[in-house]
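Numbering (the working numbering), first residue to last: 603 to 824.
For every residue, glycine included, the Cβ atom is placed at its ideal position computed from N, Cα and C.
Everything numeric in this text was worked out from a predicted model, so none of it was measured.
Everything below concerns the one structure shown next.
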Ligand SMILES: C[S@@+](CC[C@H](N)C(=O)[O-])C[C@H]1O[C@@H](n2cnc3c(N)ncnc32)[C@H](O)[C@@H]1O
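What follows is the structure in structure tokens.
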């Protein structure tokens, strides 16, 4: 796997600091607005049933957890995020959803039920994680057999417009290509891996990269 160590550092403390600051400055809502059009399509790929358990890794303001809590009224929806301010914000936005739970911490450390989730989702979070193989193995261990993981990313090799983001944001990011993501999923034990580029029509975006490259979605099953 190719890891770009020339980028700025990405210790968890730095990631937490940046996203706490974003949450305080209202940028979580901006991320939701930016990500929702393709995140909706990635979420739909999970085909969440009404009694299923859902987990969002790096949930930000918790929008996908709210979608899941509503789509699975007899199930449960969890969101985890490294940044406490994001979790505080997500919690306050889901007060009326009794089946939504938010937890502060890293996917590598938070206590989660083994084989506990039917559907795991992540949007724009996995390239911040240093120990990518460890994180994917962890996801595999908390998905039930037959469950699925949908991971959506805008920062990847085949989207050159994204390559300046580590410098722009001030955090190192793991730059992997489509085939490398597929291989990483396979190494973690996922099967029936499918990939798709979720692009937008020009009528819906002014960003050229969203039209040409789009969001890379990788879906794997345990
Ligand atoms: C670019 S934001 C995306 C947030 C949200 N998914 C969205 O689409 O708006 C990435 C989020 O992932 C979180 N994150 C990064 N590394 C993480 C880790 N190891 N475990 C849990 N969350 C993490 C960050 O704190 C941040 O809130």
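Indicate whether the contact test is met: 3 or more Cβ pairs, each with one atom in the stretch 740 to 748 and one in the stretch 779 to 786, closer than 8 Å.
no
Beta-carbon separation of residue 690 and residue 679 under 8 Å?
no
So what does DSSP say about residue 659, is it helix, strand or coil?
strand
Going by DSSP in three states, residue 805 sits in which element: helix, strand or coil?
helix
Could you tell me whether any non-hydrogen atom of ligand 3 is closer than 7 Å to the CB of residue 662?
This structure does not include ligand 3; its bound ligands are ligand 1.
Excluding the five sequence neighbours on either side, which residues of its own chain have a C-beta within less than 6 Å of the C-beta of residue 662, listed in chain order?
630, 633 and 688
Validate contact between the stretch 700 to 709 and the stretch 632 to 650 using beta carbons, cut 8 Å, 3 pairs
no
Residues in its own chain within less than 6 Å of residue 753 by CB, not counting five upstream and five downstream?
724, 728 and 820
Inspect the beta-carbon positions of residue 755 and residue 817 and report whether they are closer than 8 Å.
yes
Looking only at its own chain, which residues have a Cβ that is under 6 Å from the Cβ of residue 800, when we skip the five neighbours before and after it?
640, 643, 816, 817 and 819
Using CA coordinates, which residue listed in 645, 695 and 710 is at the minimum distance from residue 625?
695
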